[in-house]
């Protein structure tokens, strides 16, 4: 499946061709893997993906009376690192685990994996990908302590890997190699969308099997969504590496 490429005003302007669809959810899939023929890559499982079935608090301890880190809305995707005695441990912004009752989450049946070059420390990459889950959204935000917007989040993650990107999503989308086929997408690729207007205004980081992590106003902050969601399916413009 190819992406149709259109050029306007001497600038790259990419949009998925009509009828193109990202990977859809499938009940018999058990991991978020992106196929790779590169023998220099190894697959690392970093956790499981769960979805909240109601608004739920994320607690400091496995105790209903413990301190509340934050509250997340229904249908919010969370990375689950461990499960203990009726509680799921989910990754918090500072790298610690927060806790929520298992009854508050629906397991999607997926493991979250990364295909990483051999010799790369998967724990380092995992922290970069997950440590901002739950950080609140703030337009123009560059600081996770006060909030991040979409392009600020992507810029921050790549900065921590020694890669400099422009501040605006539309400018970021001009940097890097364009990925033209869904089957060639890999975790760590950048995805760019034109959600509200005819120009790029949103971005996130692909994590495999159609899922991506982003900071979205509609989600209240950093969260995970799927490219098959109508908003993102119709507005995806370009994928960059």
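Numbering (our numbering), first residue to last: 12 to 252. For glycine and all other residues, C-beta sits at the position ideal for the given N, C-alpha and C.
Apply the 10 Å Cβ neighbour rule to residue i and answer buried if 16 or more other Cβ atoms are within range, or exposed otherwise.
i	result
residue 183	buried
residue 197	buried
residue 83	buried
residue 95	exposed
residue 160	buried
residue 67	buried
residue 150	exposed
residue 245	exposed
residue 220	buried
residue 97	exposed
residue 226	buried
So, helix, strand or coil for residue i, using DSSP?
i	result
residue 243	helix
residue 166	helix
residue 93	strand
residue 115	helix
residue 149	coil
residue 73	coil
residue 194	helix
residue 227	strand
Whose C-alpha, out of the options, is nearest the C-alpha of residue i?
i	options	result
residue 249	170, 203 and 235	203
residue 235	90, 159 and 200	90
residue 116	64, 221 and 242	64
residue 214	185, 194 and 58	185
residue 252	169, 243, 245 and 240	169
residue 178	172, 165, 171 and 190	165
residue 172	62, 222 and 199	199
residue 61	77, 110 and 80	110
residue 87	107, 221, 219 and 118	118
residue 107	85, 120 and 142	142
Tell me the rounded alpha-carbon separation between residue i and residue j.
i	j	result
residue 188	residue 208	24 Å
residue 228	residue 174	25 Å
residue 270	residue 241	Here the chain comprises residues numbered 12 to 252, so residue 270 is not present and cannot be evaluated.
residue 58	residue 92	5 Å
residue 80	residue 102	11 Å
residue 247	residue 212	10 Å
residue 180	residue 239	21 Å
residue 144	residue 73	19 Å
Nearest chain B C-beta to residue i closer than 8 Å, yes or no?
i	result
residue 150	The displayed structure is made up of one protein chain only, and chain B is not part of it.
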